[in-house]
Each structure stands twice: as structure tokens, then as C-alpha cells.
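K.L.:
Before I ask anything, let me first share the structure, which is written out below as C-alpha cells.
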Amino acid sequence: MLTTRNGEGSQTTFDDGEVLINGKYCNVEEFRKKSCYILQDFALHKKLTVLETLKIAADLKLSSKVSGEDKMEIVSNL
6 MLTTRNGEGS QTTFDDGEVL INGKYCNVEE FRKKSCYILQ DFALHKKLTV LETLKIAADL
66 KLSSKVSGED KMEIVSNL
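Those letters in the sequence shown? Residues 6 to 83, by my numbering.
Take a look at the structure:
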């Protein structure tokens, strides 16, 4: 999870630095391909669990070439 704070009316951009995922360096371009953000108040359906919501996000974000089993593994590793 990435949490940032912006001042009122300001916009923060990340132009420099390193991205680490689980303590390992990550290529920024690869990170962008695999990541997305969801606003805190966003909910596809209030009755879905967090896991169900993540599964839907994986189906929407990841290529159709990625198997359902691989998508589930990716979600499980979050």
C-alpha cells in the first residue's frame, strides 16, 4: 500500500527515487504496468469481501493471457 499526503491544493509527483516491493528493487515501468489505485471510498459492491474485490481488480487489470490460477496467486501475495 502506498500512502501519500498532499498539502491542500497541491499536487505531488514522484520524479526521483526507488521503488521497493517486499524489500526488492522494482523497475518503475514494470511497477506501473502491475499497479493501480482504488480510492478509499470506492466499492464495487458493498457485500463483496476484500478478497473478492481484489479478484475483480486482478481480472480487470491483468492481461487475459494471465491464467485465473496465476491471478489468484498474485492476489494471495498482496
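We put the CB at the ideal spot given by N, CA and C, even for glycine. Since we're looking at a predicted model, the values are computed, not measured.
Excluding the five sequence neighbours on either side, which residues of its own chain have a C-beta within less than 6 Å of the C-beta of Gly22, listed in chain order?
P.N.:
Here residue 22 is taken as the residue at index 17 of the sequence shown, counted from 1. No residues qualify anywhere along the chain.
K.L.:
So Leu83 and Leu59 are supposed to be a Cβ contact under 8 Å. How far apart are they, rounded?
P.N.:
One-based indexing of the sequence shown puts residue 83 at position 78. One-based indexing of the sequence shown puts residue 59 at position 54. Going by Cβ atoms, the distance from Leu83 to Leu59 rounds to 7 Å, so yes, they are a contact pair.
K.L.:
Distance, Cα to Cα, Glu35 vs Asn27?
P.N.:
Position 30 of the sequence shown, counted from the start, is the residue given in the question as residue 35. Position 22 of the sequence shown, counted from the start, is the residue given in the question as residue 27. Whole-angstrom Cα-Cα distance: 15 Å.
K.L.:
Just curious, the beta strand (DSSP E) that Val24 is in, first and last residue?
P.N.:
The count along the sequence shown starts at 1 and reaches residue 24 at position 19. Element bounds for Val24: Val24 to Ile26.
K.L.:
Compute the Euclidean distance between the alpha carbons of Lys76 and Lys70, then round it to the nearest angstrom.
P.N.:
Sequence index remark: in the sequence shown, residue 76 carries index 71 (1-based). Sequence index remark: in the sequence shown, residue 70 carries index 65 (1-based). So the two alpha carbons sit approximately 10 Å from each other.
K.L.:
Spatial neighbours of Glu57 within its chain, please: C-beta separation below 8 Å, excluding the five flanking residues on both sides.
P.N.:
For the purposes of this step, residue 57 is identified with residue 52 of the sequence shown, where counting begins at 1. So no residue of the chain qualifies.
K.L.:
From the DSSP output, in three-state form, read off Lys91 for me.
P.N.:
With the chain covering 6 to 83 only, the question about residue 91 has no answer from this structure.
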